[in-house]
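Report on the structure given below.
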Amino acid sequence: MGMHAGIEYCDSTLNLEMGCDGCELWNPKAGVKQCYAGMETDRRKGGLGWPEAFEIPRIFLERLPGALKWPDLAGKARPDKPWLDGMPRIIFLDDMGDTFTESLPDDWLAPAL
40 MGMHAGIEYC DSTLNLEMGC DGCELWNPKA GVKQCYAGME TDRRKGGLGW PEAFEIPRIF
100 LERLPGALKW PDLAGKARPD KPWLDGMPRI IFLDDMGDTF TESLPDDWLA PAL
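My numbering puts the first residue of the sequence shown at 40, with every later residue one more than the last.
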């Protein structure tokens, strides 16, 4: 998670959920590990703020209050990303997981609403 992201099409990232049940890019049982989020989680798994394994999605709703304090960027210039000038803050949500992966409860975001 970060208020300042190095990703060209967004200002910030916010991972309220990390991990995934798997897809064509992440199927360790079949030897497929091509997902950047899965590979990064494999390197950091179990560390502070990381799930125990990418295949075991974890919810981090405690990150939301801090992100809600990030300033709006509407109308502001972004010298490092001028193509975003004037837009509100663009947040890449759950770039390290699948927000709607099947093993998560359907209402996992409800406490944040």
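Think of the CB as a built atom: it goes at the ideal place given N, C-alpha and C, for glycine as much as any other residue.
query                                                                                                           : result
Pull up the DSSP beta-bridge partners for W65, would you.                                                       : C62, K72
At the level of alpha carbons, what is the spacing between A92 and K120?                                        : 33 Å
Three Cβ pairs or more, each shorter than 8 Å: is that satisfied between the region 76-94 and the region 53-65? : yes
Tell me, please, which residues DSSP counts as bridged to M57.                                                  : R97
Check T52 in the structure and name its three-state DSSP category.                                              : strand
Thinking C-beta only, is M135 closer than 7 Å to A44?                                                           : no
With H, G and I counted as helix, E and B as strand and the rest as coil, what does DSSP make of L87?           : coil
What is the residue span of the alpha helix (DSSP H) that L132 lies within?                                     : From DSSP, L132 is part of no alpha helix (DSSP H) but of the beta strand (DSSP E) over 130-132.
Could you check where the alpha helix (DSSP H) with A106 kicks off and where it finishes?                       : 103-106
Alpha carbon to alpha carbon, how far is K84 from D111?                                                         : 32 Å
Take E94 as the anchor and find which of L53, D50, W65 has the nearest alpha-carbon.                            : W65
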